[in-house]
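All remarks here apply to the structure that follows.
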Amino acid sequence: MLSASGYLQGLTLGMGLIIAIGPKDAYVIRQSLLGRHLLVMMGICVGADIVLIALGTLGLGTVVARHEWVMQAAAIGGALFLCWHGLAALRSALGEIAVPDLSSGVDVSLRQVINATCVMSFLNPLALLDSGLLIGVISGTKPEHERLGFAVGAISASVIWFGLLIGGARMIAPLFRMPVMWKVLDLTIAAIMFVMAVVTVRSVLGVAPVSG
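Read in full-length UniProt numbering, the sequence shown has 31 at position 31, and its numbers run on one by one without any break.
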């Protein structure tokens, strides 16, 4: 039987970690606006979180946390990953925008969606830090009878978030028939990527904040 307390704690932590626009979320938003292969994409996103959360709660997170250099390497890798996506979004925003036909979707193959979503899910150092490491470390501090509920709660947060993300993107899709909205989206994503890169390095490497 699942612990209600553990479930609520896992759900709360999961929502706090997952509700942030990272590279995977940005890709999900763009693909959702185009309306192709959404169930497959959501299945991979949630499935990846299940795998990482399971590994973390089974002890991987606690083991990795004992090696500071691994966490620092993951933080630097995550920051570079974010900067790369930020630059890609910035380049897209500054270039010419070809507005796709959202009513029929664009010709994006199932294989392309699967490959891109897997890369965003499993080769993203930030996802490894959040789902695999941080949730795993905190799970290790819980009583044994609460850990399963804690993991299920964190997984529920992933299902809720990606469901809302995909559904919400489709609701506002009509706005993106205007080229300027794609530029706004790309500029917003670029800004979030760069800010998150700085925050990631500062938080994990323990850089003291600059006082005003």
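Glycine included, C-beta positions come from ideal geometry on N, C-alpha and C.
Can you say whether residue i is buried or exposed, counting buried as having 16 or more other CB atoms within 10 angstroms of its CB?
i	result
T12	exposed
V180	exposed
H145	exposed
R91	exposed
I172	exposed
S121	buried
residue 218	The structure shown has nothing for residue 218, since the chain only spans 1 to 212.
M193	buried
S109	exposed
P209	Since pLDDT at P209 reaches only 41, below the 50 mark, its modelled position is unreliable, and no value is offered.
L129	buried
Quick one, are the C-beta atoms of residue i and residue j less than 8 Å apart?
i	j	result
S131	D186	no
K24	N115	no
L164	S32	no
G14	A157	yes
A154	G16	no
V201	I76	yes
L148	L2	yes
I189	A89	yes
R36	V159	no
F162	V28	yes
A79	K183	no
Would you report the Cα separation of residue i and residue j, rounded to the nearest angstrom?
i	j	result
G212	P174	At G212, the pLDDT of 39 sits below 50, so the modelled position is not reliable and the matter cannot be decided from this model.
A191	I44	26 Å
M42	V198	28 Å
L38	V119	16 Å
Q72	L82	15 Å
F150	V46	16 Å
V51	R30	24 Å
V195	L87	12 Å
G22	H85	9 Å
T117	R177	24 Å
A169	A26	11 Å
residue 216	L8	Here the chain has residues from 1 to 212 only, and residue 216 is not among them.
G95	G167	28 Å
G140	R111	37 Å
K142	A4	13 Å
Does the segment 40 to 58 come close enough to the segment 134 to 153 to have 3 or more Cβ pairs within less than 8 Å?
Result yes; three or more Cβ-Cβ pairs closer than 8 Å.
Along the chain, which unbroken stretches of the alpha helix (DSSP H) at least 4 residues long are found entirely within the segment 103 to 131?
Those alpha helix (DSSP H) runs which fall completely within the segment 103 to 131 and span 4+ residues are 110 to 122.
Taking only runs that begin and end inside the segment 1 to 46, name each unbroken beta strand (DSSP E) of 3 or more residues, in chain order.
Entirely contained in the segment 1 to 46, not one beta strand (DSSP E) run reaches 3 residues.
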